[in-house]
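*Asks:* This is the structure I have questions about; it appears just below.
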Amino acid sequence: MAPPAISQRSSSPSQPSGKGEVADVKAQLRLLAGSRAPGADDSKRELFKKVISYMTIGIDVSSVFGEMVMCSATSDIVLKKMCYLYVGNYAKVNPDLALLTINFLQRDCKDADPMIRGLALRSLCSLRVTNLVEYLVGPLGAGLKDNNSYVRMVAAMGVLKLYHISASTCVDADFPAMLKHLLLNDPDTQVVANCLSALQEIWSLEGSSSEEVSREREILLSKSVIYYLLNRIREFSEWAQCLVLELVAKYVPSDSNEIFDVMNLLEDRLQHANGAVVLATIKVFLQLTLSMTDVHQQVYERIKAPLLTLVSSGSPEQSYAVLSHLHLLVMRAPFIFSSDYKHFYCQYNEPSYVKKLKLEMLTAVANESNTYEIVTELCEYAANVDIPIARESIRAVGKIALQQYDVNAIVDRLLQFLEMEKDYVTAEALVLVKDLLRKYPQWSQDCIAVVGNISSNNVQEPKAKAALIWMLGEYSQDMHDAPYILEGLVENWEDEHSAEVRLHLLTAVMKCFFKRPPETQNSLGAALAAGLADFHQDVHDRALFYYRLLQYDISVAERVVNPPKQAVSVFADTQSSEIKDRIFDEFNSLSVVYQKPSYMFTHKEHRGPFEFSDEIGHVSIGTESADTVVPANRVEANDKDLLLSTSEKEETKVPNNNSSAYSAPSYDLTSVSVPTSQLSDLVISNSTVPDAPQSSSFAIDDLLGLGLPAAPAPAPLPPPLKLNPKAVLDPTAFQQKWRQLPISLSQDYSINPQGVAALTTPQSLLKHMQGHSIHCIASGGKSPNFKFFFFAQKAEGSSTFLVECIVNTSSAKAQIKIKADDQSATEPFSSVFQSALSKFGMP
Amino acid sequence: MISQFFVLSQRGDNIVFRDYRGEVAKGSAEIFFRKVKFWKEDGEGEAPPVFNVDGVNYFHVKEAGLFFVATTRVNVSPSLVLELLRRIARVIKDYLGVLSEESLRKNFVLVYELLDQVIDFGFVQTTSTEVLKSYVFNEPIAVAADHLQPLGPAAIFMAKRMPVTTITKSVVANERGGRKREEIFVDIIENLSVTFSSSGYILTSEIDGTIQLKSYLTGNPDIRLALNEEVSIGRDGGSTYDYGSSLGSGPVILDDCNFHESVRLNNFDVDRTLTLGSTDGEFPIMNYRITQEFKPPFRINALVEESGRLKAEVTIKVHAEFPSSIIADKIMVQLPVPPYTTKVSFELEPGTVGNTTDFKEANKRIEWGLKKIVGGSEHTLHAKLTFAQELRGNITKEAGPVSMTFTIPMYNASRLQVKYLHITKKSKSYNPYRWVRYVTQSNSYVARL
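Protein chains in written order, with full-length UniProt numbering: chain A, 1 to 843; chain B, 1 to 449.
Structure follows, in structure tokens:
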């Protein structure tokens, strides 16, 4: 309804653009306003329709507000409804005029016909005008108590609308409590569903500020509420069922019997024709069984058939949404789906976004037994008329080859691609052959023979050309023509537009030079000269670097350019496992379709039910803990994105305010109690350095019966490890490091009973660890599961340790993963960490 | 939770626009339309049903040439919103009789009435045609159906499925004379996906079936529907591709199936009957999937051979494997040819009628249309291709595969049957019209070269 739309649309004759018409309607409405003449309602209907249709196409008809309201004094329900629609649209921009409507809406709220009451109440609450909220409270209160379920249904939503206009009015009128009462007592399931929607939204918007709010939220997830809803689930509409199921997925049952009860109760929901119900049910099943590995796997087996049915029976859109979820599951547990690979074959008439998903699934499920068939099928697609899909298919073949199954046969297929002589096929195949050779250098003979026959003139795409040039350089001793092909390429330096190709060309000529100097010398000179004159900075710099390197010492240059190569064992995965887990936690949401966690595409206030869930049950990685430890250092509390917010920056197209909102948490030790910080030295020395203070502290520990590991043998002790008590690391850096570094140690520790007892909130452990110069960057969880991310720095130098620590208090176990800049220091750090942890809960 | 709902015409005009939460700026319809129209992220691919622009998620389904769109900023369940959009389209169709730009423009006030009840503040309230009846006061204004795209019970679900006959009756409109005709339609629609290898073997085959109901019965009588008793559900052993059973007899084995909300399955395990309560409007009562071996209705043989330096010859043979009492309609056979093909000359068998042949220059494809194919018959097309350049490599890698679309009324590949359709009688004279119809269609019917 924005005015700018008009200019765009004025070209269409059916859609008038302008003021003339509106003025016309206004005049006519005025004439009819007081009319009781027979047929007046019909004329009004026509005029109202005209107004609504103008409104729809984006013409501003707010100027007839007064006339519309005047005409709405009618018993004609069709007119009333059109008027409500109009008022709802324009009241916000015309708050003064909106006041005019209050009267008749309030009157209608008391109408004898429940439908009129409901409609009027809905319109009243949809006005979105702040200074009118006082008029809402009365009708809403009455509406919630109305004896007609339709009115109560509308009133429940009305409460939420009021909350958005004025939260305080809503809370002061005690509406949330009334909703809660209805939620648990109303006989009509749609009223219950609306109460649930409204309460979830209100309580998640209220934030975690007050304890009362968090208690209320926990009540929603309490056994009694969950069971009450579950037992009635069949009475709910399919849409409301989704709502209930979404809530149930956050419920934490107390034992496995309860889990099985819930699953048995919901079993038949998997046969629902509505994909949304099925996916919501699956989410419940997956979440409930996360800790029961074998049952979890059975769930995968159980949900396979319903998912496949939804994919093939639904509309193309629905089938895409379901397929995205199937894709996620296949990627998580490919082996479970490996016998279903034929379901992932592409159909010629499917849209390419579906084909892409299927190709990835085919790649994932390939194993020893099905690789041959899958690759055969993929090769069919390589000749597809849909070129992007043909390319994807070839890449898929390559990926399967890199997964190591039946490489033999696949290499042959790839080489056949090269012989197909289609530009894009050749291009993709070249890139793949290159990657393949990096992983399986033993295939070089076969590949080189074929690659050698490809004329570089036929390869235009930069990536493919670069791959070809790389192979020419790398295998120049085996490819007879290599120096001459390279020479030709150097001669055409000026015509080569891609800097990537020119960079590769420089390197390849260098490599070739060391292998076949007499044949390459001229082209090397030419290449270096061209490179030095190149306008591209990187190309120029590389040329200059080579030139100087050659001047300095030829044998050093050779070692730099042609070192002995190691085969690449694993190519880097593009998505970190943290991100994948996060997406899995957000099952049945857009995160799965976009293949990104929600924080990458959604603003914080719009994260929906997941935000809510995270605050309650799951790990909320929040520095709120740090807040309590270091009040001076205010970090935006309660944001779960802290850890991951900057990963994959290129993907974060959505302006993401979180990362910028954080300041690095620089811990100020002055606010930490002094005794503990001093103690840290003692603890560190205790397990490492056998010097004087150490032995004394040891004695104390023993006296206290701390159950420390037996005294370390004094002989082969590592050098003392001192940690920097004022270590600083900003979350972004942490996250980057966490992704880059390999896990250097992964261990399970037991926690002593005192520690378990002390760990009621994550904060308690944070304070404790900080006393040992181990700082927390993120933490979360609820008994019995807690998750922490810690970091520490060596006192000298900036070598950093990163720790992921998952504590389960019911089993009194802690799982530790340590990543370190300096891997050799992992062991000493681990013992420091362990000893610090073991002191937790000690007086 | 959705923020806005709107329907756009093919040209991008707003036909209906409803803002439920005021969280997304008003220009969203234009942003959406531009994005869909110029979707180029992946070459010429079409826009996926869900995408995100500046923090706003856009969902859309295409129906009758219209875009049904929802927007939200919240990370909702995509499957829920897409299903909802389909349902809204279907409910609108139930009320208007036909779904088209014209019918929506004429009845937009009625559509607003519906939308007002279907969604409140972004939350779905109901999509039941039956329940909505009591909230709709506008009479639908009928539009002539004949100059519209045919829209049948199936077409409402899937553009690619063609209807048997078109039902364009509104659930609320009265017939001439103010009386409603009591009738009920049950359609068994099966979509076939078959891939033949170059040597004619079946590589994959699947039947995706739907039992679709469209009811114009007043007073919501209970309906009982019985399937053939030899239907069994679930295949043993994880792999669903073990072709074992012989053709033409034995049980109908469904790999899996699902049911509409209103279906009661109390006796399903015993006698394969489905019971339904509230039944207004059009909806699928059961979807099923079969990978059990079945006899494909058509065999396709295609041969492409080089016949000279710049020439090739194509022969496509289609053999109808169903009884001669059955006639397939609207058959189209397509074959992509090498991109450097410049000319194609066709040759049909002498005496053939109702065939069309065409070389689509733009997308380098030959198209062979047949109005009808009678069961048991065989049809052949010869085509001579002329190329602008010499063939590189193998021609079978440059052309194909052959794909075929068809509709076969009163035929079903799975042998799943509705044995009877029982309607609870309100009175002795109550005897509504009942129609049980079968149709088999191609979903993806492909023969490789």
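All residues carry an ideal CB built from backbone N, CA and C; glycine is no exception.
Name the DSSP bridge partner or partners of Ile119(B)?
*Replies:* In the DSSP output, where bridge partners are listed per residue, Ile119(B) has Val124(B).
*Asks:* Can you give the Cα-Cα distance for Thr353(A) and Gly45(B), rounded to whole angstroms?
*Replies:* The question names Thr, yet the displayed sequence has Tyr at residue 353(A). Using only the alpha carbons, I get a separation of about 8 Å.
*Asks:* Distance check for Leu378(A) and Trp443(A), CA to CA, integer angstroms please.
*Replies:* Roughly 22 Å separates the two Cα atoms.
*Asks:* With DSSP as the reference, label His768(A) as helix, strand or coil.
*Replies:* In this structure, His768(A) counts as helix in the three-state DSSP scheme.
*Asks:* To the nearest angstrom, report how far apart Asp208(B) and Val186(B) are at their CA atoms.
*Replies:* Cα to Cα, the separation comes out at about 16 Å.
*Asks:* Nearest to Ser224(A) by CA position, among Ile202(A), Pro253(A) and Gln241(A), is which residue?
*Replies:* For Ser224(A), the nearest C-alpha among the options comes from Pro253(A).
*Asks:* Give a yes or no on whether the minimum CB-CB distance between Gln28(A) and chain B is below 8 Å.
*Replies:* Chain B, which has no Cβ nearer than 8 Å to the Cβ of Gln28(A), makes this no.
*Asks:* Which residue's Cα is closest to the Cα of Phe294(B): Val353(B), Thr195(B) and Gly376(B)?
*Replies:* Per the Cα distances, Thr195(B).
*Asks:* For Gln441(B), decide whether its Cβ has a neighbour in chain A, counting only Cβ atoms nearer than 8 Å.
*Replies:* Not one chain A Cβ lies under 8 Å of Gln441(B).
*Asks:* In chain order, which alpha helix (DSSP H) runs of at least 4 residues are fully inside the stretch 58-132 of chain A?
*Replies:* Counting only runs of 4 or more, we get 65-71, 77-90, 95-108 and 114-125.
*Asks:* What number of angstroms, rounded off, separates the C-alpha of Val425(A) from the C-alpha of Thr396(B)?
*Replies:* The straight-line gap from Cα to Cα measures roughly 15 Å.
*Asks:* Could you confirm whether any beta carbon from chain B is found closer than 8 Å to the beta carbon of residue 854(A)?
*Replies:* Residue 854(A) cannot be examined here, being either before or after the span of chain A that is shown, 1 to 843.
*Asks:* Assign Asn274(A) to one of two classes, buried (16 or more other C-beta atoms within 10 Å of its C-beta) or exposed (fewer than that).
*Replies:* Under this definition Asn274(A) is a buried residue.
*Asks:* For Asn14(B), tell me which candidate among Pro38(A), Val25(A), Leu290(A) and Met55(A) has the shortest Cα-Cα distance.
*Replies:* Of Pro38(A), Val25(A), Leu290(A) and Met55(A), the residue nearest in Cα terms is Met55(A).
*Asks:* Between Trp39(B) and Ala47(B), how many whole angstroms is the CB-CB distance? I'm expecting something under 8 Å.
*Replies:* Yes, they are in contact, since the Cβ atoms of Trp39(B) and Ala47(B) sit about 4 Å apart, within 8 Å.
*Asks:* Decide if the stretch 312-324 of chain B is in contact with the stretch 367-378 of chain B; the criterion is three or more beta carbon pairs, one per stretch, under 8 Å apart.
*Replies:* Yes, since at least three Cβ pairs between the stretch 312-324 of chain B and the stretch 367-378 of chain B fall closer than 8 Å, the two stretches touch.
*Asks:* Taking the alpha-carbon positions, what's the His382(B) to Val402(B) distance?
*Replies:* Between His382(B) and Val402(B), the C-alpha separation is close to 14 Å.
*Asks:* Return yes when the Cβ of Gln287(A) is within less than 8 Å of the Cβ of Ala249(A), no when it is not.
*Replies:* It is a contact, given that the beta carbons lie within the stated cut-off.
*Asks:* Can you name the residues that DSSP bridges to Ser393(A)?
*Replies:* For Ser393(A), which the question treats as bridged, DSSP gives no partner whatsoever.
*Asks:* Judging by CA-CA distance, which residue of Ala70(B), Ile331(B) and Leu66(B) is the nearest neighbour of Phe51(B)?
*Replies:* Phe51(B) has its Cα closest to that of Ala70(B), out of Ala70(B), Ile331(B) and Leu66(B).
*Asks:* In the stretch 340-383 of chain A, which residue ranges form an unbroken alpha helix (DSSP H) of at least 4 residues, counting only runs that do not cross its ends?
*Replies:* Correct list: 352-365 and 371-382.
*Asks:* Could you name the residues of chain D that Phe65(A) contacts, counting a contact when the two beta carbons are closer than 7 Å?
*Replies:* Although the question refers to chain D, the structure presented lacks it and instead comprises the protein chains A and B.
*Asks:* Quick check: what's the CA-CA separation for Ser312(A) versus Arg36(A)?
*Replies:* When rounded, the distance between both Cα atoms is 58 Å.
*Asks:* Taking one C-beta from the stretch 523-538 of chain A and one from the stretch 490-510 of chain A each time, how about it: are there three or more such pairs within less than 8 Å?
*Replies:* Touching, per the Cβ criterion.
*Asks:* Leaving out the 5 sequence neighbours to the left and right, which residues in its chain are closer than 8 Å to Val277(A) when beta-carbon positions are compared?
*Replies:* Here the set comprises Glu238, Gln241, Cys242, Leu245 and Arg269.
*Asks:* For a cutoff of 8 Å on Cβ pairs, would you count Asp208(B) as touching chain A?
*Replies:* True, the Cβ-Cβ gap to chain A drops below 8 Å.
*Asks:* Excluding the five sequence neighbours on either side, which residues of its own chain have a C-beta within less than 6 Å of the C-beta of Asp188(A), listed in chain order?
*Replies:* Taken in chain order, the residues that qualify are Ser149.
*Asks:* Given that a residue counts as buried once 16 or more other Cβ atoms are within 10 Å of its Cβ, and exposed if not, what is Ala155(A)?
*Replies:* Ala155(A) comes out buried.
*Asks:* In terms of residues, what are the limits of the alpha helix (DSSP H) holding Gln521(A)?
*Replies:* Here the alpha helix (DSSP H) through Gln521(A) covers Pro517 to Leu532.
*Asks:* Could one say the Cβ of Asn258(B) lies closer than 8 Å to chain A's Cβ atoms, at least one of them?
*Replies:* At least one chain A Cβ lies under 8 Å of Asn258(B).
*Asks:* Buried or exposed, going by whether 16 or more other CB atoms sit within 10 Å of the CB of Asn191(B)?
*Replies:* Label assigned to Asn191(B): buried.
*Asks:* For the stretch 384-392 of chain B against the stretch 426-441 of chain B, are there 3 or more C-beta pairs whose distance is under 8 Å?
*Replies:* Contact fails: fewer than three Cβ-Cβ distances are below 8 Å.
*Asks:* On the criterion of 16 or more Cβ atoms from any shown chain inside 10 Å, does Asp146(A) qualify as buried, or is it exposed?
*Replies:* The residue in question, Asp146(A), is buried, as its Cβ has 16 or more Cβ neighbours within 10 Å.
*Asks:* Using CA coordinates, which residue listed in Lys92(A), Gly755(A), Ile102(A) and Ile806(A) is at the minimum distance from Ser72(A)?
*Replies:* Cα-wise, what sits closest to Ser72(A) is Ile102(A).
*Asks:* Under 8 Å: do the stretch 85-104 of chain B and the stretch 89-100 of chain A share three or more Cβ pairs, one atom per stretch?
*Replies:* As far as the Cβ criterion goes, the stretch 85-104 of chain B does not touch the stretch 89-100 of chain A, which means the pair count is below three.
*Asks:* In chain order, which continuous runs of the alpha helix (DSSP H) of length 4 or greater are located wholly inside the stretch 439-478 of chain A?
*Replies:* If we require 4 residues or more, the alpha helix (DSSP H) runs fully inside the stretch 439-478 of chain A come out as 444-451 and 462-474.
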